[in-house]
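Take a look at the structure below.
Set out below in structure tokens:
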């Protein structure tokens with residue numbers, strides 16, 4: 001059974017700092033990995049989708065990397081802003097014919113002005 | 114496109130009552146997922162459909178929960194009878210194809226008193 005872990009559970013940084021969020025998964029036979037953002041009381045907003053054949057994806061100040069063999073992904077946020085404060089979740093689209101998304105519990109990010 | 118639409122946004126009901134949550138996926142998407150989110154357990158997959166057919170319902174907690182997808186544009190999740198431990202946020206998500214990006218609705222916050 002696929003398990004997804006995100007460490008740390010919470011992170012607080014000053015505005016302008018670059019930061020890295022971590023995601024690890026136990027079964028490397030995945031189709032892809034997706035990063036989401038969730039604001040309090042809101043739904044999940046898709047940030048980046050990285051397919052198993054890709055090493056990284058970029059969108060604006062965000063860069064996601066994937067090392068499938070080691071079961072790890074990172075989300076790099078450059079020049080953080082207070083508006084980046086939210087919970088960031090990673091989800092793995094598992095392999096072996098199962099196309100469901102398995103989520104980590106997220107990292108709650110606070111960017112201090 | 115309006116995105117994934119869920120209704121109601123909030124539901125408060127008494128223990129023992131029947132609750133029906135509704136979801137309209139994005140047009141053209143052939144995968145639909147129902148998730149439950151709690152502080153303790155994070156996001157848990159309850160059931161998912163492909164082309165209106167339930168594929169994996171192993172996450173449905175017990176027989177009190179049922180889900181249907183009568184057509185490509187509508188799905189329901191029903192709890193009967195409801196219990197206080199069912200209180201959570203329920204999300205619906207949809208996707209076009211096995212490995213595409215998944216999109217989430219805004220969720221239904223269910224409170225059972």
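Residue numbers (the numbering used here), protein chains in the order written: chain A, 1 to 113; chain B, 114 to 226. The beta-carbon is built from N, C-alpha and C at its ideal position, and this holds for glycine as well. Remember, it's a predicted structure, so these values are computed and weren't measured experimentally.
Rounded Cβ spacing between residue i and residue j (contact assumed at less than 8 Å)
i, j, result
"residue 220 (chain B)", "residue 202 (chain B)", "5 Å"
"residue 46 (chain A)", "residue 216 (chain B)", "6 Å"
"residue 2 (chain A)", "residue 158 (chain B)", "Incorrect: roughly 11 Å between the Cβ atoms, too far for contact."
"residue 195 (chain B)", "residue 225 (chain B)", "5 Å"
"residue 186 (chain B)", "residue 121 (chain B)", "About 18 Å; that fails the 8 Å criterion."
"residue 126 (chain B)", "residue 132 (chain B)", "5 Å"
Outcome for residue i when other beta-carbon atoms lying within 10 angstroms are tallied against a minimum of 16
i, result
"residue 68 (chain A)", "buried"
"residue 58 (chain A)", "exposed"
"residue 160 (chain B)", "buried"
"residue 199 (chain B)", "buried"
"residue 182 (chain B)", "buried"
"residue 9 (chain A)", "exposed"
"residue 55 (chain A)", "exposed"
"residue 30 (chain A)", "buried"
"residue 124 (chain B)", "buried"
"residue 4 (chain A)", "buried"
"residue 92 (chain A)", "buried"
"residue 71 (chain A)", "buried"
"residue 43 (chain A)", "buried"
"residue 192 (chain B)", "buried"
"residue 115 (chain B)", "exposed"
"residue 229 (chain B)", "Not covered by the structure: residue 229 (chain B). The range shown for chain B is 114 to 226."
"residue 6 (chain A)", "buried"
"residue 111 (chain A)", "buried"
"residue 119 (chain B)", "buried"
For residue i, the first and last residue of its enclosing beta strand (DSSP E)
i, result
"residue 123 (chain B)", "123 to 126"
"residue 37 (chain A)", "30 to 38"
"residue 8 (chain A)", "Counting along the chain, residue 8 (chain A) falls outside any beta strand (DSSP E), and DSSP gives it neither H nor E."
"residue 91 (chain A)", "86 to 94"
"residue 161 (chain B)", "155 to 163"
"residue 65 (chain A)", "62 to 67"
"residue 56 (chain A)", "56 to 59"
"residue 184 (chain B)", "178 to 184"
"residue 226 (chain B)", "From DSSP, residue 226 (chain B) is part of no beta strand (DSSP E); its letter is neither H nor E."
"residue 111 (chain A)", "107 to 112"
"residue 166 (chain B)", "166 to 169"
"residue 213 (chain B)", "Careful: residue 213 (chain B) lies outside any beta strand (DSSP E) and carries neither H nor E."
"residue 24 (chain A)", "19 to 25"
"residue 193 (chain B)", "No beta strand (DSSP E) holds residue 193 (chain B); DSSP gives it neither H nor E."
"residue 139 (chain B)", "Residue 139 (chain B) -> no beta strand (DSSP E), and no H or E assigned at all."
"residue 51 (chain A)", "44 to 51"
Chain E contact for residue i (CB, 8 Å cutoff)
i, result
"residue 19 (chain A)", "Here the protein chains are A and B, and chain E is not one of them."
Query raised in the report: For the stretch 54 to 79 of chain A, which residues have a beta carbon sitting closer than 9 Å to at least one beta carbon of chain B?
Result: none
Query raised in the report: Along the stretch 29 to 45 of chain A, what residues have a CB closer than 7 Å to any CB found in chain B?
Result: 31, 32, 34, 42, 43 and 44
Query raised in the report: So does the stretch 20 to 39 of chain A actually touch the stretch 59 to 77 of chain A, counting three or more Cβ pairs closer than 8 Å?
Result: yes
**Report entry** Near-chain B residues of the stretch 91 to 110 of chain A (beta-carbon distance less than 9 Å), N- to C-terminal order
**Finding:** 91, 93, 98, 99, 100, 101, 102, 103, 104, 105 and 106
Query raised in the report: Are at least three pairs of beta-carbons, each pair with one atom in the stretch 77 to 91 of chain A and one in the stretch 12 to 29 of chain A, less than 8 Å apart?
Result: yes
Query raised in the report: Listed in chain order, which residues of the stretch 165 to 187 of chain B have Cβ atoms closer than 9 Å to some Cβ of chain A?
Result: 168, 169 and 172
Report task. Spell out a yes or no on whether the stretch 50 to 64 of chain A and the stretch 101 to 108 of chain A are touching, meaning 3 or more CB-CB pairs, one atom from each, closer than 8 Å. Result -> no
Query raised in the report: In the stretch 204 to 225 of chain B, which residues sit with their C-beta less than 7 Å from some C-beta in chain A, listed in chain order?
Result: 204, 211, 212, 214, 215, 216, 217, 218, 219 and 220
Requested in this report: Kindly confirm or deny that the stretch 205 to 216 of chain B and the stretch 134 to 146 of chain B touch, where touching means at least three C-beta pairs closer than 8 Å.
Outcome: yes
Query raised in the report: Would you call the stretch 82 to 89 of chain A and the stretch 145 to 152 of chain B in contact, with 3 or more CB pairs under 8 Å?
Result: no
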